[in-house]
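S.K.:
The following block contains the structure:
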């Protein structure tokens, strides 16, 4: 999976900005949902049926702010597919990893075409610069969120840590 570096104050004007979701990092491999450590998540058949077959998606299992513990439990336990909390979960997709040669904006447009009750593309907007990134991060943190991620325009997907994705979080957090 592509992982964000910590933002060090560099110019991010014109980059894409999104809330850093506090859920469970998830990878849809086209057949099953997996954790970052590649463990299979026992998701209900109705949830999985809404994900695009044969297409890999990088994202987050998320039920909204304040639901990290629920998402974490659903990702860890066998026979979790029967848990009613799945009805508030979404697969928040933020990239299409198997299309490394396609620029970010085209990958996001394709993810948008898969939007449904289960697949939710992460909301993006253009960042106006460092002050905007800091102010948006502070607003999200005040609202119970974790921070923001900024993504370089037209970047290509790469596995591992990348300077094309930067996480903006309060200094006291990693």
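Residue numbers (my numbering): 131 to 304. From the three backbone atoms N, C-alpha and C, an ideal C-beta is built for every residue, glycine too. The structure presented is a predicted model; accordingly, all values stated were derived computationally and were not measured.
For the pair the stretch 174-189 and the stretch 246-266, tell me if three or more CB-CB distances fall below 8 Å.
M.R.: Judged by Cβ distances under 8 Å, the stretch 174-189 makes contact with the stretch 246-266, as three or more pairs qualify.
S.K.: When you compare only the Cα positions, how much space is there between residue 284 and residue 197?
M.R.: On the chain shown, position 154 is the one that residue 284 refers to. On the chain shown, position 67 is the one that residue 197 refers to. Going by the C-alpha atoms only, they are around 32 Å apart.
S.K.: How many Å lie between residue 271 and residue 233 at the Cα?
M.R.: Here residue 271 corresponds to residue number 141 of the chain shown, with the count starting at 1. Here residue 233 corresponds to residue number 103 of the chain shown, with the count starting at 1. Roughly 30 Å separates the two Cα atoms.
S.K.: Tell me which residue opens and which closes the alpha helix (DSSP H) that residue 261 is part of.
M.R.: Looking up residue 261 in the chain shown gives position 131. From DSSP, the alpha helix (DSSP H) with residue 261 extends over 260-272.
S.K.: Give me, in chain order, the residues of the same chain whose beta-carbon lies closer than 8 Å to that of residue 208; leave out the 5 immediate sequence neighbours on both sides.
M.R.: Reading the chain shown from its first residue, position 78 is the one you call residue 208. If we look at residue 208 and ignore the five residues flanking it on each side, its Cβ neighbours are 172.
S.K.: Measure from the alpha carbon of residue 145 to the alpha carbon of each residue in 300, 301, 299 and 295, then state which is nearest.
M.R.: The residue given as residue 145 occupies position 15 in the chain shown. Checking every option, the nearest Cα to that of residue 145 belongs to 295.
S.K.: Taking the beta carbon of residue 223 as the centre, do at least 16 other beta carbons fall within 10 Å, making it buried, or is it exposed?
M.R.: What you label residue 223 is simply residue 93 of the chain shown in a count that begins at 1. Buried is the call here.
S.K.: Could you tell me whether the Cβ atoms of residue 195 and residue 275 are closer together than 7 Å?
M.R.: Position 65 of the chain shown holds residue 195. Position 145 of the chain shown holds residue 275. Yes, Cβ-Cβ distance for residue 195 and residue 275 is below 7 Å.
S.K.: Could you pull the DSSP bridge partners for residue 242 from this structure?
M.R.: Start at 1 with the first residue of the chain shown, and residue 242 comes out as number 112. Its beta-bridge partners do not exist; DSSP assigns none.
S.K.: Does DSSP put residue 151 in a helix, in a strand, or in coil?
M.R.: In the chain shown, counting from the first residue as 1, residue 151 sits at position 21. Coil, per DSSP.
S.K.: So the alpha helix (DSSP H) residue 204 belongs to, where does it begin and stop?
M.R.: For the purposes of this step, residue 204 is taken as the residue at position 74 of the chain shown. Its alpha helix (DSSP H) spans residues 198-206.
S.K.: Sorted by chain position, which residues of the same chain lie with C-beta nearer than 7 Å to residue 240's C-beta, five sequence neighbours on each side aside?
M.R.: The sequence position of residue 240 within the chain shown is 110, counting from 1. Closer than 7 Å at Cβ, skipping near neighbours: 226.
S.K.: With the cut-off set at 7 Å, would you say residue 132 and residue 253 are in Cβ contact?
M.R.: Locating residue 132 in the chain shown gives position 2, where the first residue counts as 1. Locating residue 253 in the chain shown gives position 123, where the first residue counts as 1. For residue 132 and residue 253, no; Cβs fall outside 7 Å.
S.K.: Helix, strand or coil: which one does DSSP assign to residue 142?
M.R.: Here the question's residue 142 lines up with position 12 in the chain shown. In the structure shown, residue 142 sits in coil (DSSP, three-state: anything other than H, G, I, E or B).
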